[in-house]
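Below is one structure, written out as structure tokens, with a few remarks after it.
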Amino acid sequence: CVGIADTYLSPLARECNEVFLASVETTSFGASYVAPIALLNSLLAAVGQYHRSQTMAIVKEIAEEQRKGFRWYNP
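One point on numbering: in the numbering used here, the residue at position 23 of the sequence shown is 61, and numbering is uninterrupted.
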């Protein structure tokens, strides 16, 4: 199991075999989630590159559906 947590003390981190740490700790009022979002984005990009031909076929299909406007609604 692989998890993303903000500290090793997280219950998720204790249960996973591998853990990616992405902290949102801050001294200001609003927490910034840039680090976990950037980590997730890089993982998704890596997965997309791993099966590049399959990923591109799916992306092209979705792009065509969005171009036609029937992605979520098909009368």
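A virtual CB, placed ideally from N, CA and C, is assigned to each residue, including glycine.
Assigned with DSSP and collapsed to three states, E56 falls in strand.
When only Cα atoms are considered, Q87 and T93 end up about 8 Å apart. Short of 7 Å from the beta carbon of C54, and not among the five residues preceding or following it, lie these beta carbons of its own chain, in chain order: C39, V40 and G41.
Bridge pairing for V72: absent [DSSP].
Annotation: A73 to L82 spans about 14 Å, alpha carbon to alpha carbon.
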